[in-house]
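Heads up, the sequence shown stops at 209 in this note's numbering, and the numbers go up one at a time, no gaps.
Here a beta-carbon is modelled for each residue, glycine too, at the ideal position from N, C-alpha and C.
Structure, as structure tokens:
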Amino acid sequence: MGMQSYQSLVNFLITLILGTVFLMIVVSRFNSVIMAVVLQGLFLVALCTVLGWATGIREMYIAALLTLVVKAGIIPYVLNKAVNRVSTNREVEAFLNMKMTLMLDVCLIFISYLATGQVIGEGSGLIHEALPAAISLMLIGLFLMINRKFPIMQVVGLVVMENGIFLAGLGTTNGMPLVIELGIFMDILVGVLIMGVLVFRINQSFDTVDTRNLRNLRG
């Protein structure tokens, strides 16, 4: 694979990763959101594999395997089980309408590319493509946590933010040290499991997990 083909493939995968965030925004059902989480994980797996093949860094293959198991396997499974147990309404609701949400997300992406461009300058290479997309993922993940009414979407936002951190590590260092990657994977997995249990317990106690209704519990 030539350098130009490699760069084009990397750019394409990063674009797909960023595109899955918009899929999470525009879909109206939780099952589709979970599928977008799976797709985002699979695209990260493909990116790790391509980087491992191009750079010869064997740890990238281990990172790809961990990403496949955790982000495209265990986490979507836990999210799906949580949705099945606590919600009969599979519709995704937000505080802002779709038009406003898309406009804000586009603005966040524009700000990310503008800000990182001031830091790393113009040019080509993995960092110039991965870092702006990574910052975009982190900002949009945070926005998902704020804008969605169902607590499981807060978990999805957390996963998107972590994927942004992971992508930033790939772009700036050609892969973080394996021990750090293992620590991050374990942290996010434990966090998702705990949040899944909490959502289930909240539903048992109050018969709802809608954040609008839970606000009425404040003293």
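Can you name, in chain order, every residue of its own chain whose Cβ lies under 7 Å from the Cβ of residue i, other than the five neighbours on each side?
i, result
"Tyr103", "Pro122"
"Val150", "Val11, Leu127, Ile130, Gly131 and Leu134"
"Leu94", "Phe133"
"Asn70", "Ile24"
"Thr106", "Leu121, Pro122 and Ile125"
"Leu86", "Asn137"
Which residue marks the beginning of the alpha helix (DSSP H) containing residue i, and which one marks its end?
i, result
"Ser18", "Careful: Ser18 lies outside any alpha helix (DSSP H) and carries neither H nor E."
"Val149", "Pro141 to Thr163"
"Ala62", "No alpha helix (DSSP H) contains Ala62, which DSSP labels as neither H nor E."
What does residue i pair with, by DSSP beta-bridge criteria?
i, result
"Ala84", "Arg138"
Near residue i, which residues of its chain fall below 8 Å by C-beta distance, leaving aside the five closest residues on each side in sequence?
i, result
"Leu8", "Ile99, Ala123, Ser126 and Leu127"
"Leu58", "Gly31, Leu32 and Val35"
"Asn1", "Glu119"
"Val(-4)", "Sequence inspection shows Tyr at residue -4; the Val mentioned does not correspond to that position. The residues are Val40 and Ala44."
Which same chain residues end up closer than 6 Å to residue i when comparing Cβ atoms and leaving out the 5 residues on each side of it in sequence?
i, result
"Val28", "Ala62 and Pro66"
"Gly147", "Gly131, Leu134 and Met135"
"Ala26", "Thr10, Leu13 and Met14"
"Thr39", "Ala54"
"Gln144", "Met135"
On a CA-only basis, which of the options is nearest residue i? Give me that one, please.
i, options, result
"Ile24", "Phe133, Leu3, Ala72 and Phe2", "Ala72"
"Asn21", "Thr39, Leu58, Val82 and Gly31", "Val82"
"Thr163", "Val35, Leu41, Leu3 and Leu13", "Leu41"
"Ile15", "Met90, Thr57, Ser(-5) and Asn70", "Met90"
"Asn74", "Asn1, Ile142 and Arg48", "Ile142"
"Phe211", "Arg19, Ile4 and Ser18", "In the structure as shown, the chain starts at -9 and stops at 209, and residue 211 therefore has no counterpart that could be examined."
"Gly154", "Glu119, Phe140, Asn137 and Arg138", "Glu119"
"Leu160", "Val17, Thr45 and Ser(-2)", "Thr45"
"Val17", "Glu152, Ala158, Arg138 and Val109", "Arg138"
"Ala84", "Cys97, Arg19, Leu55 and Phe2", "Arg19"
"Glu152", "Leu92, Ser(-5), Ile47 and Val60", "Val60"
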